[in-house]
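Q: Residues in the sequence shown are numbered consecutively from 1, following this note's numbering.
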Amino acid sequence: MDVNAISRRASVQLTRLADYKTGVARVAAAGELDIATAGRFGTELARVIDEHGPDVLIDASALTFCDARGLAAIVSADRLARRRGGAVTLTGVRPQMARILRITRLDKKFMRPRTAAFGWENTVTFV
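#1: For Asp-106, which of helix, strand or coil comes out of DSSP?
#2: Measure the alpha-carbon distance for Glu-51 versus Ala-73 and round it to whole angstroms.
#3: What first and last residue would you give for the beta strand (DSSP E) that runs through Asp-128?
#4: Report yes if the C-beta distance between Ala-46 and Ala-77 is below 8 Å; otherwise report no.
#5: Classify Thr-43: buried if its beta carbon has 16 or more other beta carbons within 10 angstroms, exposed otherwise.
#6: Exposed or buried, which one is Pro-54 when buried takes at least 16 other CB atoms within 10 Å?
#7: Between which residues of its own chain and Ala-38 is the CB-CB distance below 6 Å, once the five residues before and five after are set aside?
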């Protein structure tokens, strides 16, 4: 598989929407999160955690595709966040990604915020 050729066709965007009042870094992901984009996406999530703290809310409502590599990038970011006392939480999850999360049982991991201070309930929502 020519990853470079795939990379030219696929893209994912991560927009930072930091919410400093709650101490949560909010980001919006858009596009395709797959083998061609997961590395860059994971690097950006790690940078968000480094710069804004370990609690990250990812709005996934504009993700059009997510494969195992994309999911692995999110899991890796969550591990980093947890080592620093926080966690990654997903919102706006589309049905295809929700199915993957359920099959892998990661829906429970990303379903709830880690503290009540966030003011969110059932943050895995379905578009």
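We put the beta carbon where it would ideally sit given N, CA and C, even for glycine.
A: The short version:
#1: Note on residue identity: the sequence assigns Leu, not Asp, to residue 106. If DSSP states are grouped into helix, strand and coil, Leu-106 belongs with coil.
#2: 18 Å
#3: Shown here, the chain extends from 1 to 127; a query on residue 128 therefore has no answer.
#4: Closer than 8 Å, so yes.
#5: exposed
#6: buried
#7: Arg-69, Gly-70 and Ala-73
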